[in-house]
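Residue numbering for the sequence shown follows the UniProt record's numbering, beginning at 1 and increasing consecutively.
By construction, the Cβ of each residue, glycine as well, lies at the ideal position given by its N, Cα and C atoms.
Given the structure is predicted, the values throughout are model-derived calculations rather than measurements.
Single-structure report; data block below.
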Amino acid sequence: MTKNILSKLSLTVRAGQLKIMLDLTRPTPQTQVLDVGFAPREDLPDTNYFEKFYPFPNSLTAASTEDCRAVKSKYPGVNIVRIQPGKKLPFRNNHFEIATSWATLEHVGNYQQQEFFLNELLRVAHKIFVTTPYRGSPYEPHSGFFFLQWLPLNWFRKICLYTGRRFWAKTANLNPLWVRDIKSMRLTKPVVVSVYQTLKFIPSHLLITSV
């Protein structure tokens, strides 16, 4: 029951964030868009939500660090490319008009790796639209904890470790962010960081834009 509610809520959140992205960036069928964080398996209803609902798939490139052949046939119009984790994206500067990434930034590693990831998006596109779960939210969606991510991260990771959440105890797999973490990064272009509110009152995600 709880998983059902959370899945439906997650779909509502993704729909709201997609609307914001479309309103801000106003893409056309000719707009070249990159999405970094395409998933090879669709275990959850909101997985690859952007590829499912973006209105112009024929001008969309989806990048993943994993082999996505199992789901490629579901997206015949999308150009799916494989990239190397932690490496430069295989695209020239400003190759795309828009680069997006949906709930992927928290999984790319430590703060320096997250900074590099954002700078690569800023390098290959004129505009970016990035979402990531907000550390200041009452709920941490990966571990399933309430409020514990507010603790110093070494405490949070020990709790994950001692409660059987070994995967989420590693920085390489989960590094949640405050607004101040983004603002302290040395980014190559100015960005705006805002807090997205689920149901209009629960702070749940950070939106990072350069539009």
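For my contact list, residue i and residue j are in at a C-beta cut-off of 8 Å; report their separation, rounded to the angstrom.
i    : j    : result
I98  : K127 : 5 Å
L11  : P45  : 6 Å
S7   : A39  : Not quite, the Cβ-Cβ distance comes to about 15 Å (not below 8 Å), so this is no contact.
D35  : T100 : 5 Å
N22  : L118 : The sequence shown places Leu at residue 22, not Asn. Their Cβ separation, rounded to whole angstroms, is 21 Å, which puts L22 and L118 out of contact at 8 Å.
V71  : E42  : 6 Å
L206 : L161 : In fact, because the Cβ distance is near 25 Å, the residues do not count as touching under 8 Å.
Hey, could you find the ends of the beta strand (DSSP E) residue i is sitting in?
i    : result
E97  : 96 to 102
Q197 : 192 to 198
I83  : Here I83 belongs to no beta strand (DSSP E), and DSSP marks it neither H nor E.
F129 : 125 to 133
L34  : 33 to 36
L161 : Premise fails: L161 lies in the alpha helix (DSSP H), 153 to 162, not in any beta strand (DSSP E).
T61  : 60 to 64
H205 : 202 to 209
Grab the span of the alpha helix (DSSP H) containing residue i for me, first residue to last.
i    : result
K183 : 179 to 183
A70  : 69 to 72
F53  : 49 to 53
Starting from the Cα of residue i, find the closest Cα among the options and give me that residue.
i           : options              : result
Y134        : W150, G16, E120      : W150
I20         : R165, L6, F129, R186 : F129
residue 213 : K200, K52, E140, A62 : The question about residue 213 has no answer here: the residues shown for the chain are numbered 1 through 211.
V108        : V78, F91, F167, L174 : L174
A62         : G86, T209, P90       : P90
K200        : N4, L9, I5           : L9
V211        : T163, A169, K189     : K189
L122        : T31, N4, T209, P29   : T209
G86         : R92, I80, N93, Q112  : Q112
Quick check: the Cα distance between residue i and residue j, rounded to an integer number of angstroms?
i           : j    : result
A103        : I159 : 23 Å
R82         : T198 : 32 Å
N110        : P76  : 34 Å
V193        : T25  : 16 Å
P138        : Q114 : 22 Å
M1          : H95  : The predicted model places M1 with a pLDDT of 46, which falls under 50 and marks its position as unreliable; any figure quoted below should be read in that light. One C-alpha to the other measures close to 44 Å.
Q84         : F53  : 26 Å
P55         : P27  : 9 Å
V191        : G136 : 19 Å
N48         : R14  : 10 Å
S59         : G37  : 17 Å
W69         : V78  : As written in the sequence, residue 69 is Arg, which differs from the Trp given in the question. Each residue's Cα considered, the two are about 12 Å apart.
F167        : S143 : 9 Å
residue 215 : F145 : Missing from the structure shown is residue 215; the chain here goes from 1 to 211 and no further.
S204        : I5   : 16 Å
When we look at the beta-carbon of residue i and count the other beta-carbons within 10 Å, is it buried (16 or more) or exposed?
i    : result
Q17  : buried
I182 : buried
E51  : buried
V124 : buried
E66  : exposed
V195 : exposed
F147 : exposed
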